[in-house]
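Novice: Numbering (the working numbering), first residue to last: 775 to 849. After the C-alpha cells below, expect a handful of questions from me.
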C-alpha cells in the first residue's frame, strides 16, 4: 500500500469527522436554546422557583418554566 492510497482513505475520513463535529455542535446549541432548564442552569426546584420570580424572564420562557414547575410540584 502506497502513501497516496493511504491519503485517499484518510482525507475523506478526516473530512467526515469534521463535518460530524460541526453538525453535532450545532444540534446541541439548538437543543440548549430550546431547553429552558439548561438555558438558565436550573438544577432543582428552588432554582426553578427563583427563576420564576425573575422580572427579566421572557413570557415564552416563563410559560415553559411554569409548566415544568407545576408538573414537578403537583405531579
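Every residue, glycine too, gets a C-beta built ideally from N, C-alpha and C.
For residue 820, which of 838, 846, 790 and 800 has the nearest alpha-carbon?
Specialist: Residue 820 has its Cα closest to that of 846, out of 838, 846, 790 and 800.
Novice: Only counting the same chain, and skipping five residues up and downstream in sequence, which positions put a Cβ closer than 8 Å to that of residue 835?
Specialist: The answer, listed in chain order, is 810, 813 and 814.
Novice: Using a Cβ-Cβ cut-off of 7 Å (strictly less than) and excluding sequence neighbours within five positions of residue 838, which residues of its own chain qualify?
Specialist: The answer, listed in chain order, is 810.
Novice: So for residue 827, helix, strand or coil by DSSP?
Specialist: Correct three-state label for residue 827: coil.
Novice: Measure from the alpha carbon of residue 816 to the alpha carbon of each residue in 796, 795 and 840, then state which is nearest.
Specialist: For the residues 796, 795 and 840, the minimum Cα distance to residue 816 belongs to 840.
Novice: Which value, in whole angstroms, describes the spacing of the CA atoms of residue 831 and residue 825?
Specialist: C-alpha separation (whole angstroms): 8 Å.
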